[in-house]
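What follows is a short report on a single structure.
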């Protein structure tokens, strides 16, 4: 897989690209990921996902606007070229302005390790306070998840592996 095909790693330094190319060439990317993240999380329902995201919000963003919905979405990855989506809608309701925040997370993350689901949840929660991907946004992400940048890279490695072979957990799920 030449570096131009490593679409999730665009913008990363050449040294990281070379390391990933080496892992792929030696068929070691999957084992690297499984060694680091041996199991997928067990958050499968919308209710469980909502509770998980709300625990994070209530820990780190108590004063932020409420979240009205959190859901897995099978269309995000294809339609938006994104992994999560934060939407903010304001509606006039009886002379008052009602704000509604929703978070949608790509259903790809139903079969992901918990730290990577957390990274996506933190990313989308940060958009409740910071709309743009600016310095304040990433500072907030790192406040909620100190290992944010490493987890983002690992998530990109996982997506590269999924494009190559499918979920890293499929074989483990069928064997036991």
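In my numbering, the protein residues as written are 73 to 248.
Just so you know, even glycine gets a beta-carbon here, dropped at the ideal spot from N, CA and C.
What number of angstroms, rounded off, separates the C-alpha of residue 138 from the C-alpha of residue 90?
Rounded to the nearest angstrom, the two C-alpha atoms are 43 Å apart.
Considering only residues of the same chain and omitting the five flanking positions on each side of residue 179, which have a CB-CB separation below 7 Å?
For residue 179, same chain residues with a beta-carbon under 7 Å away, outside a window of 5 residues either side, are 144, 145, 146 in chain order.
Taking the alpha-carbon positions, what's the residue 229 to residue 105 distance?
Going from the Cα of residue 229 to the Cα of residue 105 covers about 8 Å.
DSSP-derived helix/strand/coil call for residue 151:
Confidence at residue 151 is low in this model, with a pLDDT of 42, below 50, so the placement of that residue is unreliable and no value is reported for it.
Out of curiosity, what's the CA-to-CA distance linking residue 211 and residue 222?
Approximately 14 Å between the Cα atoms of the pair.
Please state if the CB of residue 198 and the CB of residue 209 are separated by a distance shorter than 8 Å.
In this structure, residue 198 lies closer than 8 Å to residue 209 by Cβ.
Taking the straight line between their C-alpha atoms, what separation do you get for residue 240 and residue 227?
So the two alpha carbons sit approximately 12 Å from each other.
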